[in-house]
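Chains as they are written, first to last, in our numbering: chain S, 4 to 575; chain C, 53 to 468. Note that beta-carbon positions come from the ideal geometry of N, C-alpha and C, so glycine has one too.
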Amino acid sequence: MSSLPVTSGLHFSLLTPPSARFGPRLGTVVFKRPGCTTDQPFVTIPTPGLLTATSRGVVPHLSRDHHRKTQAIKWVHIPFETFLEHNPPVPTLQTGKTPLHTFLGFNPGQHLLSMSARDLYDGREMPPNGKDHVSVYSLRGVRKLSPAQWRSYVYSVKPDIVMALSDTPFTDPPYSQKRLTKSIERSFAWLLNVLCSLSEPEKSTLLKEEPHYKPTVLVHMSGMTSIPARRAFADSLLEPLFGPEAEQVKHIKYLDEGVSGYSFDLVPLRLSLDAAEKKSIDAMSPPSSLPSPAETPDPTTTALDVEASLSQLNLDSTIPPHIEQILPLLKTSLERLPTTKPRIVNSTQTPHETLRLISSVGIDLFDAHWAQRASDIGVSLDFVFPAPQGEGRKDLGHNLYHDKYTYDFSPLASSFRGAIDTEFTKPICQCLACSPSVPPTRLYHGVDEESYSGEPVMPLSSTPRYKPSFTRAYLHHLLHTHEMSAHSLLVMHNISILDAFFSSIRKLLSEKPESWDAEVKRFIEAYDEDMVVLDEARVSWKEVELARGKGRLAREKAKQDEGTLGTAVELE
Amino acid sequence: MQFEVIAKCHTTKARVSRMTLAHGVTMLPTFMPVATQAAIKGLTPEQVESLGVTLILNNTYHLNLRPGLKVLNEAGGAHKFQGWHRNLLTDSGGFQLVSLSKFTTITEEGALFASPFTGEPTMLTPEESISIQHTIGADIIMQLDDVVSSLTTGPRVGEAMERSVRWLDRCITQHERSGKKDTQNLFAIVQGGLDPELRDRCLEEMIKRRDGVAGYAIGGLSGGEEKDTFWRVIKQCTDKLPEERPRYSMGIGFAEDLVVCVALGVDMADCVFPTRTARFGVALTHKGPLNLKLSKHSKDLRPIDESCPCPTCTDGTSRAILHHNVTHETAAAHAITLHNIVFQAQVMGRGRAAIVEGAFPDYLRTFFANYFGDVGYPEWCVNALRSVGVDLLENTDAKIIPGSGAKWEYSNAAGN
Numbered sequence: 004m005s006s007l008p009v010t011s012g013l014h015f016s017l018l019t020p021p022s023a024r025f026g027p028r029l030g031t032v033v034f035k036r037p038g039c040t041t042d043q044p045f046v047t048i049p050t051p052g053l054l055t056a057t058s059r060g061v062v063p064h065l066s067r068d069h070h071r072k073t074q075a076i077k078w079v080h081i082p083f084e085t086f087l088e089h090n091p092p093v094p095t096l097q098t099g100k101t102p103l104h105t106f107l108g109f110n111p112g113q114h115l116l117s118m119s120a121r122d123l124y125d126g127r128e129m130p131p132n133g134k135d136h137v138s139v140y141s142l143r144g145v146r147k148l149s150p151a152q153w154r155s156y157v158y159s160v161k162p163d164i165v166m167a168l169s170d171t172p173f174t175d176p177p178y179s180q181k182r183l184t185k186s187i188e189r190s191f192a193w194l195l196n197v198l199c200s201l202s203e204p205e206k207s208t209l210l211k212e213e214p215h216y217k218p219t220v221l222v223h224m225s226g227m228t229s230i231p232a233r234r235a236f237a238d239s240l241l242e243p244l245f246g247p248e249a250e251q252v253k254h255i256k257y258l259d260e261g262v263s264g265y266s267f268d269l270v271p272l273r274l275s276l277d278a279a280e281k282k283s284i285d286a287m288s289p290p291s292s293l294p295s296p297a298e299t300p301d302p303t304t305t306a307l308d309v310e311a312s313l314s315q316l317n318l319d320s321t322i323p324p325h326i327e328q329i330l331p332l333l334k335t336s337l338e339r340l341p342t343t344k345p346r347i348v349n350s351t352q353t354p355h356e357t358l359r360l361i362s363s364v365g366i367d368l369f370d371a372h373w374a375q376r377a378s379d380i381g382v383s384l385d386f387v388f389p390a391p392q393g394e395g396r397k398d399l400g401h402n403l404y405h406d407k408y409t410y411d412f413s414p415l416a417s418s419f420r421g422a423i424d425t426e427f428t429k430p431i432c433q434c435l436a437c438s439p440s441v442p443p444t445r446l447y448h449g450v451d452e453e454s455y456s457g458e459p460v461m462p463l464s465s466t467p468r469y470k471p472s473f474t475r476a477y478l479h480h481l482l483h484t485h486e487m488s489a490h491s492l493l494v495m496h497n498i499s500i501l502d503a504f505f506s507s508i509r510k511l512l513s514e515k516p517e518s519w520d521a522e523v524k525r526f527i528e529a530y531d532e533d534m535v536v537l538d539e540a541r542v543s544w545k546e547v548e549l550a551r552g553k554g555r556l557a558r559e560k561a562k563q564d565e566g567t568l569g570t571a572v573e574l575e
Numbered sequence: 053m054q055f056e057v058i059a060k061c062h063t064t065k066a067r068v069s070r071m072t073l074a075h076g077v078t079m080l081p082t083f084m085p086v087a088t089q090a091a092i093k094g095l096t097p098e099q100v101e102s103l104g105v106t107l108i109l110n111n112t113y114h115l116n117l118r119p120g121l122k123v124l125n126e127a128g129g130a131h132k133f134q135g136w137h138r139n140l141l142t143d144s145g146g147f148q149l150v151s152l153s154k155f156t157t158i159t160e161e162g163a164l165f166a167s168p169f170t171g172e173p174t175m176l177t178p179e180e181s182i183s184i185q186h187t188i189g190a191d192i193i194m195q196l197d198d199v200v201s202s203l204t205t206g207p208r209v210g211e212a213m214e215r216s217v218r219w220l221d222r223c224i225t226q227h228e229r230s231g232k233k234d235t236q237n238l239f240a241i242v243q244g245g246l247d248p249e250l251r252d253r254c255l256e257e258m259i260k261r262r263d264g265v266a267g268y269a270i271g272g273l274s275g276g277e278e279k280d281t282f283w284r285v286i287k288q289c290t291d292k293l294p295e296e297r298p299r300y301s302m303g304i305g306f307a308e309d310l311v312v313c314v315a316l317g318v319d320m321a322d323c324v325f326p327t328r329t330a331r332f333g334v335a336l337t338h339k340g341p342l343n344l345k346l347s348k349h350s351k352d353l354r355p356i357d358e359s360c361p362c363p364t365c366t367d368g369t370s371r372a373i374l375h376h377n378v379t380h381e382t383a384a385a386h387a388i389t390l391h392n393i394v395f396q397a398q399v400m401g402r403g404r405a406a407i408v409e410g411a412f413p414d415y416l417r418t419f420f421a422n423y424f425g426d427v428g429y430p431e432w433c434v435n436a437l438r439s440v441g442v443d444l445l446e447n448t449d450a451k452i453i454p455g456s457g458a459k460w461e462y463s464n465a466a467g468n
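What follows is the structure, encoded as structure tokens:
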């Protein structure tokens, strides 16, 4: 790169200025940390690209060495609400120049951390937000988070990027026009609040160790599913500030000047669209008596009940996508805003949606949540863009619980190879499941050095010594024996496959942009968008969970009490 | 197997040895983490190797059920199946048959049990146990023994001991004719319950068969017996067992048990304790266990142990973030598991270093002062170490506590 930005913060550059406001685009996010003197002051992320989701501050299933060794993990998003279990939130006690990185074990030279108040994938019904608070969820119950608290937490933990608080209702939809008006007014006021400069006393406490810190602010585009409300919110960002509002943010003339990018959360939109749709169906047909949900889970649940009991689980049984209705909503928000800022979408459910959002809106960054969740239920992703020629309709991955993998000693994806494999026509999947390598160093604990063991000293080598890939048969075994290692390996793999998907998207956009539309169409036809494989995996996951997960002993005992043959296999 | 004792403690019976197996060298004494179903809970084999672990354990009973021998055979053995390139030990499957299945009946032919898949009566003979272990391909394999709980009394204990000797003969015969003797090593398991006479008879018979076995395990303990009985049985065995064979104490994992056993001449031990307790949020330290579930750790930004070389501690992972995630996110279990495995390795590694330096008695004193100084030394440890010439109470006014003395952080009160 010839010209690195000199000012700190997020810099987004479009490689090819898009000819239109909407449509696929190639860009680069460069983040420069304030006053950074380390070797790698910049984190660079080419777009379209991905951001990694976290839960309670960790990438689920990954130890710190694993999240660092997964090259695809660069931009990591942290929902903050779980930390509100303590007052003050514990991360705010951490000191240093990058407290959030330090507290959670992310590397400032490698990872860009963004932070939002709420978990962006949590669509549970919540108490209403207030004039001066957002209702947030923590294990100790619902908490009220005020914009002032949010600002102070942001300045304390110093994430690279922050999502301004947004008044997104999670009460029972649909929402009245009055509610939506309130929503956009509050979201406006709360954005203004986080953009305010710090007072001198605030500076002396919050910025003691890093006087140059200033959060990069993203705004969630409010207005829910109402076109006029979305337009009104977007327009308000461009309106010149005056009076007391202008006094609070002297460094900018209108709010958009202080905003570095636009974000869109699909969960509330889908919930709202779904509620509206159900309402119109209900209006047409008389209400039928629905079976009441089971009060207590039956300990002797059999495979047949599995599907029914799945709905009780917080396992994102897919909300209908409503993507065709969502596209115009997103475009409305972006109609008049500058095209030079990154656009982020959270909670896509399929790569098909991703392609549509790139095609018709020109979204730059997408979260990897769906791919990460696939790892939870034993699915190894296996897809490429452009789709392979011929071959009929394919699944996006493999439900490794399936018995057909018992003797399958091939790597996790057929479209990729491990670094050690010699099928050179396939691209390498760099994840630690497909391309594991001998650790370059090891710990010694006393009289186990090579001078005692007589083993050859491991040569210091800059190139990794690769090992054979982990096999589907091994993962199948780990899943059925309820071993956590399965999920660690699958998370690393699935994020890497998704990263390769984005990298192929960028390649096509830069080398053959004219074939984009045709390739999108071909991909959508080639891969099963309903993702039946995920549904099947969810059922298998649940079966093993019932057989081997928490509460298993109680269920087994109940089974034995019934007089069935119980061999009481304790699998620990 | 090549087994060489390279240093001995001048006072106790502790020793350092080099054990060379088909998958590399393991320096003894060592603790073996347990990968019951071909994975150390939540970790990858590369992570385990990077911790400096050179020998892990798989359970035959479990692997025989899943993935099954056909899969292991096609995979080319358990090493390849799980991507573990270092040494591996398998048990015989007998212990789990008795502890996990309530319908198991022992006959002279073998153990008769209900198949967990079909409920059909199934027989595990000594020959079959060995041949299953041959398929798994571990570097060290164990004889099938007739296991009784250490709390059993009466003629059953003697019967089980005698049968274990007879089964050892059948295991040796099976192993000899397999042609696997170059790559796999058979260990005998000394039985005899808590009865010194039975133990002596078993030792005598099994030592006679030393040419057919590469090492000896001490079985039938860690089943809830008095600690004072436990160490006496260990000592009785290590006193008699041949110098030139490794000695493996089965199911031992508390730090104080490990150091005492090493002082009594034990070379190897295994236990699920450090990895299991990690999942419940307990981190092991040289000052005793820390229960990270307790709210007293919720705002503590220190790592588990500032001087610990494990990835979790060197990375500065705070007790606060572990408290935040433990039992909610598997990642916290992984972090503590990495730490606890290193802690066990450190306890053994420091022991080895001290033996080589001729300072093992000092190591014992330091260990107990750090670990138990605040609450008092377990009486049985004091007695056990006195029997090998180390007086823990020399130059200290430490308290003595009766009972097992196992240390645990139960509450938020005081402490570390």
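Judged by DSSP in its simplified three-state form, glycine 189(C) adopts coil rather than helix or strand. The criterion of a C-beta distance shorter than 8 Å is satisfied by leucine 501(S) and leucine 384(S).
Within chain C, the residues Glu381 have their CB atoms less than 7 Å from the CB of serine 58(S), given in chain order. Residue contact with chain S for valine 394(C): present (Cβ-Cβ distance below 8 Å to some residue of chain S). Sequence-distant Cβ neighbours of threonine 171(S) in its own chain, meaning closer than 6 Å and more than five residues away, are Pro271. Proximity of glycine 395(S) to chain C, defined by a Cβ-Cβ separation below 8 Å, is not satisfied.
If you ignore the 5 residues before and after cysteine 434(S), its C-beta comes within less than 6 Å of the C-beta of Met495, His496, Ser499, all in its own chain and listed in chain order. In this structure, serine 201(C) places its C-beta atom within 8 Å of the C-beta atom of glycine 275(C). Under the Cβ criterion (8 Å, minimum of three pairs), the segment 61-68 of chain C counts as touching the segment 397-410 of chain C. Distances from the alpha-carbon of threonine 389(C) to those of Leu141(C), Arg262(C), Leu344(C) put Leu344(C) closest. Straight-line measurement puts the Cα of serine 418(S) at about 35 Å from the Cα of valine 86(C). Taking valine 77(C) as the centre and dropping the five residues before and after it, the same chain places the C-beta of Arg70, Met71, Thr106 closer than 8 Å to its C-beta, in chain order. DSSP, reduced to helix, strand and coil, places leucine 221(S) within a strand of the structure shown. In chain order, Glu179, Ile182 place their CB closer than 6 Å to the CB of glutamine 226(C), counting only its own chain and leaving out the 5 sequence neighbours on each side. With respect to leucine 482(S), tyrosine 404(S) sits close: the two C-beta atoms are nearer than 8 Å. Here DSSP, grouped into helix, strand and coil, assigns threonine 418(C) to helix. Under the three-state reduction of DSSP, tyrosine 429(C) is assigned to strand. In the DSSP assignment, asparagine 497(S) falls within the unbroken alpha helix (DSSP H) covering 488-514.
Leucine 273(C) sits away from phenylalanine 83(C), with the two beta carbons spaced by 8 Å or more.
Neighbours of alanine 405(C) across chain S, judged by C-beta separation under 7 Å: Gly449, Val450. When 9 Å is used as the limit between beta carbons, glutamine 113(S) is near no residue of chain C, the shortest such separation being about 14 Å.
Contact with chain S is absent for lysine 348(C), since none of that chain's Cβ atoms lies less than 8 Å from the residue's Cβ. In this structure alanine 90(C) touches leucine 115(C) by the C-beta definition: roughly 6 Å separates them, less than 8 Å. Three or more beta-carbon pairs separated by less than 8 Å are not found between the segment 121-133 of chain C and the segment 451-469 of chain S, which leaves the two stretches without contact. In the three-state reduction of the DSSP assignment, lysine 260(C) falls in the helix class, which pools H, G and I. Listed in chain order, the alpha helix (DSSP H) elements of length 4 or more contained wholly in the segment 295-367 of chain C are 307-315, 325-331, 363-366. Closest by C-alpha distance to tyrosine 415(C), out of Asp426(C), Asp443(C), Ser230(C), is Asp443(C).
Distances from the CA of serine 167(C) to each of Glu160(C), Gln236(C), Leu149(C), Ala421(C) were compared; the closest alpha carbon is that of Leu149(C). Counted as a single uninterrupted DSSP element, the beta strand (DSSP E) harbouring glycine 267(C) occupies residues 267-270. For glycine 401(C), the uninterrupted alpha helix (DSSP H) segment begins and ends at 382-409. By the neighbour-count criterion, in which a residue is buried when 16 or more other Cβ atoms sit within 10 angstroms of its Cβ, proline 430(C) is buried.
Between the beta-carbon of glycine 126(S) and that of leucine 274(S) there is about 5 Å, and that keeps the pair under the 8 Å contact cut. The Cβ of arginine 70(C) sits closer than 8 Å to at least one Cβ of chain S. For glutamine 89(C), at least one C-beta of chain S is nearer than 8 Å to its own C-beta. Against phenylalanine 133(C), the close residues of chain S are Tyr477, in the order they occur along the chain (beta-carbon pairs closer than 7 Å). Residue range 54-60 is occupied by the beta strand (DSSP E) that includes glutamate 56(C).
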